[in-house]
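Here is the structure we will look at.
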Amino acid sequence: MIRRSRRSLLASVVALAGVIACALVATGAVQLLLGERPVLDYDAVAARLHATRWEALPVAIGGGVLAALGLVVLLAAVLPGRALVLPLSGGSSAPVKAGASRRSITGSLRSAAESADGVESAKVRLRRRSVTARVRGSRLAGDDVAGQVRQAVEDQLDRIGPARRPRVKVHVRSTP
Numbered sequence: 001m002i003r004r005s006r007r008s009l010l011a012s013v014v015a016l017a018g019v020i021a022c023a024l025v026a027t028g029a030v031q032l033l034l035g036e037r038p039v040l041d042y043d044a045v046a047a048r049l050h051a052t053r054w055e056a057l058p059v060a061i062g063g064g065v066l067a068a069l070g071l072v073v074l075l076a077a078v079l080p081g082r083a084l085v086l087p088l089s090g091g092s093s094a095p096v097k098a099g100a101s102r103r104s105i106t107g108s109l110r111s112a113a114e115s116a117d118g119v120e121s122a123k124v125r126l127r128r129r130s131v132t133a134r135v136r137g138s139r140l141a142g143d144d145v146a147g148q149v150r151q152a153v154e155d156q157l158d159r160i161g162p163a164r165r166p167r168v169k170v171h172v173r174s175t176p
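Numbering (UniProt numbering), first residue to last: 1 to 176.
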């Protein structure tokens with residue numbers, strides 16, 4: 001069970017572009033029906049497009065931009081999003097359909113990293129195959145604290161029991 005993000009930002013941008021285009025067309029149609037001058041003059045646009053040659057630089061640039069935007073939208077639709085809920089292992093041979101949110105796992109690992117002696121603050125980044133903990137403290141003794149933080153994070157990962165066990169990396173920075 002891996003729940004993934006929904007790409008709502010990209011979908012919203014595409015929907016907004018469609019709404020804007022529809023609003024322009026509807027506004028122009030209503031203005032023509034009322035006998036007023038339309039906001040978007042179709043005759044002027046058609047004359048301008050008819051006068052433009054396919055070899056012109058604006059046509060090539062516009063085509064390239066539209067092709068790139070289309071590729072981005074297509075890739076966003078096809079490629080899977082970032083996992084929001086990560087599967088947990090069942091412990092036995094039978095698969096268990098249980099998961100934990102990425103946010104809760106990251107918070108739990110950050111608390112474990114901050115529990116090590118001499119650590120003032122910790123930032124934890126959870127990726128597909130690794131967990132990176134960046135810790136800060138005023139009286140840190142590099143390797144010793146790094147080992148303590150690594151052990152605390154690994155112990156917490158053992159308690160959580162993710163289906164895929166990530167590597168643990170620790171970066172220590174002392175503050176003056």
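Cβ coordinates follow ideal geometry from the N, Cα and C atoms, glycine included.
Practice item. Starting from the Cα of R164, find the closest Cα among S121, S130 and D144 and give me that residue. Key: Residue 164 sits at position 164 when you count from the first residue of the sequence shown. The residue from S121, S130 and D144 with its alpha-carbon nearest to that of R164 is S130.
Practice item. From the DSSP output, in three-state form, read off G18 for me. Key: On the sequence shown, position 18 is the one that residue 18 refers to. In the structure shown, G18 sits in a helix (DSSP, three-state: H, G or I).
Point to revise | Start-end ranges of the alpha helix (DSSP H) lying completely within the UniProt domain "DUF6286" (68 to 173), minimum 4 residues | key: 102 to 114 and 142 to 160, all fully within the UniProt domain "DUF6286" (68 to 173).
Check your understanding: Taking all protein chains shown into account, do 16 or more other C-beta atoms lie within 10 angstroms of the C-beta of V87, making it buried, or fewer, making it exposed?
Key -> For the purposes of this step, residue 87 is taken as the residue at position 87 of the sequence shown. In the sequence as presented, Val is not what sits at residue 87; that position holds Pro. Around the beta-carbon of P87, 16 or more other beta-carbon atoms lie within 10 Å, marking it buried.
Point to revise | Identity of the residue in L75, S174 and V153 nearest P166 by Cα | key: One-based indexing of the sequence shown puts residue 166 at position 166. Nearest neighbour of P166 by Cα position, chosen from L75, S174 and V153, turns out to be V153.
Check your understanding: Grouping DSSP H, G and I as helix and E and B as strand, with all else coil, what is D41?
Key -> Here residue 41 refers to the residue found at position 41 of the sequence shown. Coil at D41, not helix or strand.
Review point. Would the segment 112 to 119 and the segment 75 to 87 be scored as touching if the rule is three or more Cβ pairs under 8 Å?
Key: By the Cβ rule, the segment 112 to 119 does not count as touching the segment 75 to 87, because fewer than three pairs are nearer than 8 Å.
Review point. Does DSSP classify A56 as helix, strand or coil?
Key: Translated into positions along the sequence shown, residue 56 becomes position 56. DSSP places A56 in coil when its eight states are reduced to three.
Review point. Sorted by chain position, which residues of the same chain lie with C-beta nearer than 8 Å to V14's C-beta, five sequence neighbours on each side aside?
Key: Taking the sequence shown and counting its residues from 1, one reaches residue 14 at position 14. Correct list, in chain order: V73.
Practice item. To the nearest angstrom, report how far apart P38 and C22 are at their CA atoms. Key: Taking the sequence shown and counting its residues from 1, one reaches residue 38 at position 38. Taking the sequence shown and counting its residues from 1, one reaches residue 22 at position 22. The straight-line gap from Cα to Cα measures roughly 14 Å.
Point to revise | Separation of A77 from D43, as counted between CA atoms | key: Within the sequence shown, numbered from 1, the residue matching residue 43 stands at position 43. Within the sequence shown, numbered from 1, the residue matching residue 77 stands at position 77. If I take the Cα positions, the gap works out to 37 Å.
Exercise for review: Enumerate in chain order the residues of its own chain whose CB-to-CB distance from V45 is below 7 Å, with the five nearest sequence positions on each side excluded.
Suggested key: Here residue 45 refers to the residue found at position 45 of the sequence shown. Closer than 7 Å at the Cβ level, and outside the excluded window around V45, lies no residue.
Practice item. Measure the C-alpha to C-alpha separation of Q156 and R150 and round it to an integer number of angstroms. Key: Within the sequence shown, numbered from 1, the residue matching residue 156 stands at position 156. Within the sequence shown, numbered from 1, the residue matching residue 150 stands at position 150. So the two alpha carbons sit approximately 10 Å from each other.
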